[in-house]
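Okay, so the sequence shown: first residue is 9 according to the numbering used here, each after it adds one. Just so you know, even glycine gets a beta-carbon here, dropped at the ideal spot from N, CA and C.
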Amino acid sequence: MKKALLIAALLAAPVLAKTAAPDWLAIPQRAESDIKLDEGRKPIETLTFLGIRKGDVALDYSAGGGYYTEIMARAVGPKGHVTAWEPTQFSGSEKGRAKWAGILARTPNVHILEQPFEEFQAPANSYSFALFHLTYHDAYWVSTEYKLKEQDPDLLVRKLYTAMKPGGTVGVIDHVGAPGDTRVTVDKLHRIDPEVVKADFLRGGFRLVGESQHLRTPGDDHAKLVFDPTVRGKTDRFVFKFIKPKK
């Protein structure tokens, strides 16, 4: 009898709807070139895994053309804010500036901060969320062409640690590289050994709290330059979630 009543109750219970996906990509006038990147970058899955929240004060480190800046601004909502940090050496072309003008016009909770490549600076406890999307490896990059001086990755991570609020999240997505001389690998391939990234952030005081496999690509040749047409946009990428511990 009890079993029959339990089955009847279960049948009568309402079916719970699946949680709707966030509408972070529903951005009016978003660039078609950015939309084409969504399938390979999986931004909703990435930011959901990293735990971005409404009201976050976020940092998009080396924001480039603003692909993630715009999506993050949507995710944090009007009460949140996104700083798009960009090295002065990479100040955009006329086309790039026009794209940013559009982003800023339709995204009032964003501002651009330009500083020299090797001189990231931010006040203590500024950010609750930060993202390095395919950019952390550049901490090991030196380029005469782009006037990029050698910087100390440990110093960068320590500055970031200071800039993050206690409990704040840092997401790092990058191209998988083989173990070896990190600066040589970065210079030749723009890849980085995931273990180097882990060690850098752990040494800087962060705690690794998650790793997602959703951007891993079996069969990617880790010896190929990431801009090689055969792998571009389809590289094997790791996704790490770090936090600054609360004290």
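query	result
Other residues of its chain near ALA132: CB distance less than 8 Å, five sequence neighbours each side excluded	THR170, ALA171
Short Cβ contact (8 Å threshold) for GLU78 with ARG38	yes
Beta-carbon contacts of PHE57 that lie in its chain and below 6 Å, excluding the five residues immediately before and after	SER220
Spatially closest choice to PHE235 from GLY74, HIS183, PHE128, by CA coordinates	HIS183
DSSP three-state assignment for TRP32, whether helix, strand or coil	coil
Cβ-based neighbour list, THR143, same chain, cut-off 7 Å, excluding 5 preceding and 5 following	TYR69, SER70
Chain-order list of residues whose beta-carbon lies under 7 Å from that of VAL204 (same chain, five-residue window excluded)	THR190
Same chain only: Cβ atoms within 6 Å of THR196, ignoring 5 sequence neighbours per side	Residue 196 is actually Lys in this sequence, not Thr. None.
Distance, ALA92 Cα to LEU103 Cα	Looking at the sequence itself, residue 103 is Lys, so the reference to Leu does not match. Straight-line Cα distance between these residues: approximately 17 Å.
Residues of its chain near GLY175, where Cβ-Cβ distance is below 8 Å and the 5 sequence neighbours each way are ignored	SER136, ILE251, LYS252, PRO253, LYS254
Among VAL150, VAL247, VAL178, SER101, the one whose alpha carbon lies nearest that of PRO202	VAL247
Bridge-paired residues (DSSP) for ILE120	ALA92
C-beta atoms of LEU139 and TYR75 nearer than 8 Å	no
Spatial neighbours of GLU122 in its chain, beta-carbon cut-off 6 Å, leaving aside the 5 residues before and after	GLU94, THR96
Cβ neighbour criterion (16 or more within 10 Å) applied to PRO226	exposed
Cα-Cα separation, GLU53 to ARG199	22 Å
Cβ-based neighbour list, ARG245, same chain, cut-off 8 Å, excluding 5 preceding and 5 following	LEU142, ILE181, ASP182, HIS183, VAL184, LEU223, ARG224, THR225
Limits of the unbroken alpha helix (DSSP H) element including GLY176	No alpha helix (DSSP H) holds GLY176; the beta strand (DSSP E) holding it covers 172-183.
Same chain, Cβ closer than 8 Å to GLN129, five either side skipped, listed in chain order	GLN123, LYS167
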